[in-house]
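Q: Handing you a structure now.
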Amino acid sequence: MRTAIAGIICAALVYIPTAYASNDNPVRFTIDMTGPSTDTFLVSVDVPRLGKNNNIYQFASTAPGAYQVMDIGRFVADFRAYDARGRQIEVTQVQTNQFRIERPKKVRRITYKVAETWDTPVRENPIYQMAGSSLEKDHALLNIHTLLGFFHGMQDADMEIGLVYPQDWIVGTALNSGEGGRLFAPDFDFAVDSPILLGRLTVSSMDIGGKKVEIFTYSKTDLIKSSDLMNEMRDVFIATNKFVGGFPIDRYVLLFHFEDQNVGAWEHSYSSEYVLKETPLNEAYVNLINGVAAHEIFHMITPLHLHSEVIRQFNFVTPSPSQHLWLYEGVTEWASDMIMLRGGLITLEEFFSEISEKLSIDEIHDKEMSLQRLARLAFTEEGRTQYGNIYNRGALVPMLMDILLLEKSGGKRGLREVILELSKKYGSENPFSEEEFFDEFVAMTHPEMRLLIDRHVKGAWPLPIEEYFAKLGIRYSSVVFYEDSIPDRGHGIQFDGQKMVVTEVRERSEREGLKEGDVVVAINDIAISRENFPELVGILQGIQPGDTVTYTVERAEGAVKLDLTVGIQRRSQRHVFDVMEDASPQKVALRDAWMRRLE
Ligand SMILES: [Zn+2]
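In our numbering, the protein residues as written are 752 to 1350.
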């Protein structure tokens, strides 16, 4: 069900709170949302005393966990610096994201305009909506890295952020506020880690195990209210709280933005943000939202309380990846599935279709790309095309680890227990060693864990799904054939909205002249086009064994017409799981331990 969400992106490189000396001279920002243009934020900065090395005002080139080039400097205009008497000081834009102030010691105030990322067209590198900014008549979404910057050498300076907005707007954020609603952050990273949603919002809060969970919702036509979401999500909060042995933070905020598109969610340390389509909250949609929320909230454990030294500090200019993305994102995605199953939020059958879908998505990714390599390449073009598999194979590997650990401990100490032990050992302040973590993980679990890591995290071996699920008395079949038959076209086709291309040509179609890679320009003389698409789908879905369909394909020698006959094949299904009725008592006991309800 999660494919409805095109990209769930996560801040794997989250803000890690560190002990910081309180600064008497915070940088005071004001973000004005009441300017003449609804697409532009007006920013002013009251500058504390700058030294000569603080002469660069830096905008973000990227942000934690977004794994994309953002270059916020692209959205900035009219950047000006002033001295104490209001006289302008010379400023030079030395790079897309850097403004150099010529006499930094004199500067007292900076002003600039920054366009919202949602509605501002860009030629390349569009920014994920949940990581961007939006300003409309009745609401705004603020991700601080898209609006504010920092002076070089002062990334860790205290920040005070004032917001100017229409009087009736409500503000939702995990940031603490003080007098006049000014928001505080101990440094730039913390501010970036805490998005702000404001406008015509509904609000709901609930106590979950002694911790406060708050929901703020913007819904375009007021269809979805925070109280509705709270009712629907209460059980997933309770299940997640149980799964992690009690939330490690006191307050958690969920920001929901319901409008025209399902885009995804972005997780932060103390909050998460969801950009979703405004449609009625039916059961399937609630399941989807709950699954994503379980994932985002589990990030409280990893990476927030379990991470390597590599991700401890975020570099907004040149971020460096950690090889342990399998842990931050893979284990988290696995945990969200187990929370849903063990929390009784989905049935075992629904769980099976979830992993079946993950196996199918894994198949369309690069089979040679290990999870370790995927992590290391995350910021590159090659890595970006494969990144989505961290939520598929990345979640299946921890599933194998969990089964192994439960088997070796008589059902007592699975992956959940090990991860919670580790998060207590390390916590938010104390990173593990990027290089030695695998060894530690094996040492504290079981020697056989080494094999799983070598083959399926460092390597890209086929996953032993059948062998591992058999331990639980669950049969896995990569394909199941049924008794009944369905029409067989004899080849596959892919349609990207413009072009229809032939794939997987089987024997009969090959005999009839079709070739893999043929571009189909017409079917039964109806041209392939977006407008004709419904009619074409009707033809392809209506075929019966014995029918003939005429394809016009484009070849070097010109258009060629091919009459293709429809055959017959047995109906089949990929990646099928079912419970073995004759499983041994030992396997049944392990299965019970594996799916036992959270207490
Ligand atoms: Zn995530």
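Note that CB positions come from ideal geometry on N, CA and C, so glycine has one too.
1) Kindly indicate which three-state DSSP category GLY1015 falls into: helix, strand or coil?
2) In three-state terms, what does DSSP make of GLN1137?
3) What is the rounded straight-line gap between the Cα of ILE1274 and the Cα of ILE1115?
4) Hey, quick one: how far does the alpha helix (DSSP H) through VAL1193 stretch, first residue to last?
5) Going by DSSP in three states, GLU1010 sits in which element: helix, strand or coil?
6) Would the beta-carbon of LEU948 fall within 7 Å of that of LEU1006?
7) Compare the C-alpha of LEU1096 against each of GLN1320, THR991, VAL1068 and name the closest.
8) Given a cut-off of 7 Å, decide if PRO1238 and ILE1060 are closer than it, judged by their beta-carbon atoms.
9) Can you tell me where the alpha helix (DSSP H) holding ARG985 begins and where it ends?
10) Using three-state DSSP, classify ASN774 as helix, strand or coil.
11) Please report the straight-line C-alpha distance between GLY923 and ARG1322, rounded to a whole angstrom.
12) Beta-carbon separation of GLU1024 and MET881 under 7 Å?
13) Quick check: does the Cβ of GLU1024 come within less than 6 Å of any heavy atom belonging to ligand 1?
14) Could I get the ranges of all uninterrupted beta strand (DSSP E) runs contained in the segment 1187-1273, with 3 residues as the minimum, in chain order?
15) Taking the straight line between their C-alpha atoms, what separation do you get for TRP869 and GLU1158?
16) Output the residue ranges of the beta strand (DSSP E) runs that lie fully inside the segment 1273-1334 and measure 3 residues or longer, sorted by chain position.
17) Return the CA-CA distance between THR968 and GLN1012, expressed in angstroms with no decimal places.
18) Mind checking which residues open and close the beta strand (DSSP E) that includes PHE1103?
19) Cα separation between PHE1232 and GLY1224?
20) In terms of alpha-carbon separation, which member of GLY1015, HIS1207, VAL820 lies closest to SER1121?
21) Tell me whether THR897, by its Cβ, gets closer than 6 Å to a heavy atom of ligand 1.
22) Flag this pair as yes or no: are the beta carbons of GLY931 and THR781 separated by less than 7 Å?
23) What's the gap between the Cα of ASN1143 and the Cα of GLY1289?
24) I'd like the list of long-range same chain contacts for ARG825, defined as Cβ closer than 8 Å, with 5 residues on each side in sequence excluded.
25) Indicate the three-state DSSP secondary structure (helix, strand or coil) for TYR1025 in the structure shown.
26) Let me know the secondary structure DSSP gives ILE1090 once reduced to three states.
27) Between the Cα of LYS1163 and those of ARG1347, PRO777, VAL798, ILE975, spot the shortest distance and give me the residue it belongs to.
28) Give me the residue from PHE998, ILE959, GLY996 with the minimum Cα distance to MET984.
29) Where does the unbroken alpha helix (DSSP H) through SER1174 begin, and where does it stop?
30) Flag THR1083 as yes when its Cβ comes closer than 6 Å to any non-hydrogen atom of ligand 1, and as no otherwise.
31) Following a CB-centred definition, is GLU1105 positioned closer than 6 Å to any heavy atom of ligand 1?
32) Check for me: the beta strand (DSSP E) holding LYS962 runs from which residue to which?
33) What residues match up with THR791 in a beta bridge as DSSP calls it?
34) Which of the three DSSP states, helix, strand or coil, is assigned to HIS1046?
35) What span of residues does the beta strand (DSSP E) with LEU1125 cover, start to end?
36) Roughly how many angstroms lie between the CA atoms of ILE1062 and PHE1188, to the nearest whole one?
A: This is what the structure holds:
1) To locate residue 1015, count along the sequence shown from 1; it is residue 264. Note: GLY1015 maps to strand in three-state DSSP.
2) In the sequence shown, the residue the question calls residue 1137 occupies position 386. Correct three-state label for GLN1137: helix.
3) Working through the sequence shown from its first residue, we reach residue 1274 at position 523. Working through the sequence shown from its first residue, we reach residue 1115 at position 364. Between ILE1274 and ILE1115, the C-alpha separation is close to 27 Å.
4) As a position in the sequence shown, residue 1193 is number 442, starting the count at 1. Note, VAL1193: alpha helix (DSSP H), 1188-1194.
5) Here residue 1010 corresponds to residue number 259 of the sequence shown, with the count starting at 1. Strand.
6) By 1-based counting over the sequence shown, the position of residue 948 is 197. By 1-based counting over the sequence shown, the position of residue 1006 is 255. Going by C-beta atoms, LEU948 is nearer than 7 Å to LEU1006.
7) Mapped onto the sequence shown, residue 1096 falls at position 345. LEU1096 has its Cα closest to that of THR991, out of GLN1320, THR991, VAL1068.
8) In the sequence shown, counting from the first residue as 1, residue 1060 sits at position 309. In the sequence shown, counting from the first residue as 1, residue 1238 sits at position 487. Reading off the sequence, residue 1060 comes out as Glu, not Ile. Contact annotation: GLU1060 and PRO1238 have beta-carbon atoms that are not nearer than 7 Å.
9) Taking the sequence shown and counting its residues from 1, one reaches residue 985 at position 234. From DSSP, the alpha helix (DSSP H) with ARG985 extends over 977-994.
10) Taking the sequence shown and counting its residues from 1, one reaches residue 774 at position 23. Low local confidence applies: a pLDDT of 47 at ASN774 is under 50, so the model's placement there is unreliable, with the coordinate-based value given in what follows. DSSP places ASN774 in coil when its eight states are reduced to three.
11) Along the sequence shown, read from residue 1 onward, the residue named residue 923 stands at position 172. Along the sequence shown, read from residue 1 onward, the residue named residue 1322 stands at position 571. If you take the alpha carbons of GLY923 and ARG1322, they lie about 51 Å apart.
12) Mapped onto the sequence shown, residue 1024 falls at position 273. Mapped onto the sequence shown, residue 881 falls at position 130. In contact: GLU1024 and MET881 (Cβ atoms closer than 7 Å).
13) Taking the first residue of the sequence shown as position 1, residue 1024 is located at position 273. Outside the cutoff, so no.
14) 1225-1239, 1243-1246, 1251-1254
15) The residue you call residue 869 lines up with position 118 of the sequence shown. The residue you call residue 1158 lines up with position 407 of the sequence shown. Cα to Cα, TRP869 sits roughly 49 Å from GLU1158.
16) Those beta strand (DSSP E) runs which fall completely within the segment 1273-1334 and span 3+ residues are 1299-1306, 1309-1316, 1318-1330.
17) Stepping through the sequence shown from its first residue, residue 968 is reached at position 217. Stepping through the sequence shown from its first residue, residue 1012 is reached at position 261. Each residue's alpha carbon lies about 15 Å from the other.
18) Along the sequence shown, read from residue 1 onward, the residue named residue 1103 stands at position 352. Careful: PHE1103 lies outside any beta strand (DSSP E), inside the alpha helix (DSSP H) at 1099-1114.
19) On the sequence shown, position 481 is the one that residue 1232 refers to. On the sequence shown, position 473 is the one that residue 1224 refers to. Their backbone Cα atoms lie some 21 Å apart in a straight line.
20) The residue given as residue 1121 occupies position 370 in the sequence shown. Per the Cα distances, HIS1207.
21) In the sequence shown, counting from the first residue as 1, residue 897 sits at position 146. No, the beta carbon of THR897 sits no closer than 6 Å to any heavy atom of ligand 1.
22) Mapped onto the sequence shown, residue 931 falls at position 180. Mapped onto the sequence shown, residue 781 falls at position 30. Contact: no.
23) Translated into positions along the sequence shown, residue 1143 becomes position 392. Translated into positions along the sequence shown, residue 1289 becomes position 538. The straight-line gap from Cα to Cα measures roughly 32 Å.
24) Sequence index remark: in the sequence shown, residue 825 carries index 74 (1-based). Shown here for ARG825: same chain residues with a beta carbon closer than 8 Å to its own, the five before and five after excluded, namely THR847, VAL873 in chain order.
25) As a working mapping, residue 1025 is identified with position 274 in the sequence shown. It is a strand residue.
26) Counting from 1 along the sequence shown, the entry for residue 1090 is found at position 339. Helix.
27) Stepping through the sequence shown from its first residue, residue 1163 is reached at position 412. In this structure, ARG1347 is the residue among ARG1347, PRO777, VAL798, ILE975 with its C-alpha nearest to the C-alpha of LYS1163.
28) Position 233 of the sequence shown, counted from the start, is the residue given in the question as residue 984. The candidate whose alpha carbon is nearest that of MET984 is ILE959.
29) Within the sequence shown, residue 1174 is the residue found at index 423, counting from 1. Element bounds for SER1174: 1166-1177.
30) The residue labelled residue 1083 in the question sits at position 332 within the sequence shown. THR1083 Cβ: within cutoff of ligand 1.
31) Residue mapping note: residue 1105 aligns to position 354 of the sequence shown, counting from 1. It does not: the Cβ of GLU1105 is nowhere closer than 6 Å to a heavy atom of ligand 1.
32) The sequence position of residue 962 within the sequence shown is 211, counting from 1. Segment 962-970, the beta strand (DSSP E) holding LYS962.
33) Counting from one through the sequence shown, the residue named residue 791 turns up at place 40. DSSP, once it has assigned bridges, lists ALA866 as partnering THR791.
34) In the sequence shown, counting from the first residue as 1, residue 1046 sits at position 295. Here HIS1046 sits in helix by DSSP.
35) The count along the sequence shown starts at 1 and reaches residue 1125 at position 374. First-last for LEU1125: 1122-1127, but that is the alpha helix (DSSP H), not the beta strand (DSSP E).
36) The residue you call residue 1062 lines up with position 311 of the sequence shown. The residue you call residue 1188 lines up with position 437 of the sequence shown. Those two C-alpha atoms are separated by around 14 Å.
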